[in-house]
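Participant: My questions will all concern the structure given below.
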Ligand SMILES: NC(=O)c1ccc[n+]([C@@H]2O[C@H](COP(=O)([O-])OP(=O)(O)OC[C@H]3O[C@@H](n4cnc5c(N)ncnc54)[C@H](OP(=O)(O)O)[C@@H]3O)[C@@H](O)[C@H]2O)c1
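Numbering (this note's numbering), first residue to last: -18 to 300.
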């Protein structure tokens, strides 16, 4: 198969690799679309190696595609089924294997591109907002970095679950678009004037943390998911105590199969039907064929985009 390949000198190519074979409980999938993520950029730079059990040189944390073959004991899907999933790596390729418990069926109406750009963004947003923060209808939620892949998913999810959604967006060109997804949009340095917030989804990083804490409502929750702008902050713990606040944080990639499988079941139940109905969407900034992977990575790294950048290993087929 052909696959995106990362090299020690940080260059990126499309190279031949042996076809993967599905092991016990696994399925083999022909990849139709594979979303890019910040983790891929960090892995390319040698800062975020693949976890054990995943190809060290083939990136890709999410995909959509068609089942080609089932390994021993895998019975949940059959050849031709449309599926999507998050994985620990290896999705930016023509073929990928994955344990069937991590896989979700793709609703009939959902295009390959959206299905390949949804899993990481919606898994992250759902887990952070509904799982960790326990977001309730009517609560005031603030999403930082809301024009990106996770942010656009989080705004829509929180709006669909009837929260009052606020968002910060750096690029002024995208503020109207994020507002249309369901948020009241603020410039990044202006959010504390619009609190207090019950839940704050921190997708930007440490520089926001002191003002996040100061903007919490009583019993408010901050969920730290992205630290692109920095990982170290100085906090006034007295303010956090006074607000009875909580700071939560997590990563998805390193979780064991059991935890990822539970999250996949929750998404199947609560998110995929809304994607299938068009209540939730996947804004896509750009798509690229596999051969133009270097351009795709440059586009992602340049920032200023709305939503996802998605690779199309099997060409541009809508559904
Ligand atoms: N913990 C996890 O399991 C997990 C899972 C998925 C993603 N993440 C992380 O979560 C973050 C968001 O992911 P994503 O896929 O949405 O990334 P993305 O598509 O690159 O979006 C990031 C957004 O944050 C904005 N931003 C970045 N730096 C900023 C700054 N200093 N001030 C204001 N806005 C800033 C960007 O604005 P511009 O476009 O203007 O730069 C962009 O809209 C990333 O750091 C990613 O690595 C974590």
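Even glycine gets a Cβ: it sits at the ideal position worked out from N, Cα and C.
In this text the structure is predicted, and so the values were computed from the model without any measurement.
Tell me the DSSP bridge mates of residue 382?
Facilitator: With the chain represented from -18 up to 300, any question about residue 382 goes unanswered, as that position is not in the structure.
Participant: Taking the DSSP output, what are the residues bridged to residue 122?
Facilitator: Start at 1 with the first residue of the chain shown, and residue 122 comes out as number 141. Note: residue 122 sits in a beta bridge opposite 146, 180.
Participant: Closer than 6 angstroms: is that where the CB of residue 206 sits relative to any heavy atom of ligand 1?
Facilitator: Taking the chain shown and counting its residues from 1, one reaches residue 206 at position 225. Residue 206 Cβ: within cutoff of ligand 1.
Participant: For residue 204, which of 180, 259, 19 has the nearest alpha-carbon?
Facilitator: Stepping through the chain shown from its first residue, residue 204 is reached at position 223. Of the candidates 180, 259, 19, the one whose C-alpha sits nearest the C-alpha of residue 204 is 180.
Participant: Applying the 10 Å Cβ sphere with the 16-neighbour rule, what's the burial state of residue 125?
Facilitator: On the chain shown, residue 125 is found 144 positions in, with the first residue counted as 1. Result: buried.
Participant: Where do the ends of the beta strand (DSSP E) carrying residue 293 lie?
Facilitator: Translated into positions along the chain shown, residue 293 becomes position 312. Unbroken beta strand (DSSP E) run through residue 293: 289 to 293.
Participant: At which residue ranges does the segment 153 to 203 contain complete beta strand (DSSP E) runs of 3 or more residues, listed in the order of the chain?
Facilitator: Segments of the beta strand (DSSP E) lying fully in the segment 153 to 203: 165 to 167, 178 to 183.
Participant: Hey, residue 36 and residue 59: beta-carbon distance below 7 angstroms or not?
Facilitator: Against the chain shown, residue 36 aligns to sequence position 55. Against the chain shown, residue 59 aligns to sequence position 78. No, the Cβ-Cβ distance between residue 36 and residue 59 is not below 7 angstroms.
Participant: Quick one: measure Cβ to Cβ for residue 51 and residue 100, integer angstroms, because I've assumed they're closer than 8 angstroms.
Facilitator: On the chain shown, residue 51 is found 70 positions in, with the first residue counted as 1. On the chain shown, residue 100 is found 119 positions in, with the first residue counted as 1. That pair is no contact at about 20 angstroms.
Participant: Over the uninterrupted alpha helix (DSSP H) stretch that includes residue 29, give me the two end residues.
Facilitator: The residue given as residue 29 occupies position 48 in the chain shown. Neither: residue 29 is in no alpha helix (DSSP H) and is coded neither H nor E.
Participant: Is residue 49 near ligand 1 - that is, is its Cβ less than 6 angstroms away from at least one heavy atom of it?
Facilitator: Here residue 49 corresponds to residue number 68 of the chain shown, with the count starting at 1. No - ligand 1 has no heavy atom lying nearer than 6 angstroms to the Cβ of residue 49.
Participant: Under 6 angstroms from any heavy atom of ligand 1, does the C-beta of residue 151 make it?
Facilitator: Position 170 of the chain shown, counting from 1, holds the residue named residue 151. Yes - ligand 1 has a heavy atom lying nearer than 6 angstroms to the Cβ of residue 151.
Participant: What whole-angstrom Cβ distance do residue 45 and residue 82 have, given they're in contact under 8 angstroms?
Facilitator: On the chain shown, residue 45 is found 64 positions in, with the first residue counted as 1. On the chain shown, residue 82 is found 101 positions in, with the first residue counted as 1. Contact flag wrong, Cβ pair sits at about 17 angstroms.
Participant: For residue -17, which three-state DSSP category applies?
Facilitator: Here residue -17 refers to the residue found at position 2 of the chain shown. Three-state result, residue -17: strand.
Participant: Determine the contact status of residue 40 and residue -15, defining contact as a CB-CB distance below 7 angstroms.
Facilitator: In the chain shown, counting from the first residue as 1, residue 40 sits at position 59. In the chain shown, counting from the first residue as 1, residue -15 sits at position 4. Cβ distance < 7 angstroms, so residue 40 and residue -15 count as in contact.
Participant: Taking 6 angstroms as the line, does the beta carbon of residue 18 fall inside it for any heavy atom of ligand 1?
Facilitator: Sequence index remark: in the chain shown, residue 18 carries index 37 (1-based). The answer is yes for residue 18.
Participant: Measure the Cβ-Cβ separation of residue 15 and residue 106 and say whether it is below 7 angstroms.
Facilitator: Numbered from its first residue, the chain shown carries residue 15 at position 34. Numbered from its first residue, the chain shown carries residue 106 at position 125. Not closer than 7 angstroms, so no.
Participant: Roughly how far, in whole angstroms, is the beta-carbon of residue 301 from the beta-carbon of residue 257, given that I think they are within contact range, below 8 angstroms?
Facilitator: The structure shown has nothing for residue 301, since the chain only spans -18 to 300.
Participant: Using a 10 Å radius around the Cβ and a threshold of 16 neighbouring Cβ atoms, would you call residue 344 buried or exposed?
Facilitator: Missing from the structure shown is residue 344; the chain here goes from -18 to 300 and no further.
Participant: If we count the other Cβ atoms within 10 Å of its Cβ and call it buried at 16 or more, is residue 278 buried or exposed?
Facilitator: Taking the chain shown and counting its residues from 1, one reaches residue 278 at position 297. Residue 278 is buried by the Cβ-count criterion.
Participant: Do residue 102 and residue 134 count as a contact pair if the criterion is CB distance below 7 angstroms?
Facilitator: Translated into positions along the chain shown, residue 134 becomes position 153. Translated into positions along the chain shown, residue 102 becomes position 121. Yes; because the gap between Cβ atoms is below 7 angstroms, this pair is in contact.
Participant: Using alpha carbons as the reference points, say which of 274, 183, 220 lies closest to residue 294.
Facilitator: Locating residue 294 in the chain shown gives position 313, where the first residue counts as 1. Here the closest residue by C-alpha is 274.
Participant: Could you say which of 174, 201, 210, 143 lies nearest to residue 151 if we only look at CA atoms?
Facilitator: If you number the chain shown from 1, residue 151 lands on position 170. It is 210 whose Cα lies nearest to the Cα of residue 151.
Participant: According to the neighbour-count rule (16 or more other Cβ atoms, all chains shown, within 10 Å of its Cβ), is residue 241 buried or exposed?
Facilitator: Reading the chain shown from its first residue, position 260 is the one you call residue 241. Label assigned to residue 241: buried.
Participant: What do you get for residue 252, buried or exposed, if any count of 16 or more other CB atoms within 10 angstroms of its CB means buried?
Facilitator: Translated into positions along the chain shown, residue 252 becomes position 271. That one is buried.
Participant: Expressed to the nearest angstrom, what Euclidean distance is found between the alpha-carbon atoms of residue 74 and residue -17?
Facilitator: Position 93 of the chain shown, counted from the start, is the residue given in the question as residue 74. Position 2 of the chain shown, counted from the start, is the residue given in the question as residue -17. The straight-line gap from Cα to Cα measures roughly 6 angstroms.
Participant: Helix, strand or coil for residue 301 per DSSP?
Facilitator: Absent from the structure is residue 301, since the part of the chain shown begins at -18 and ends at 300.
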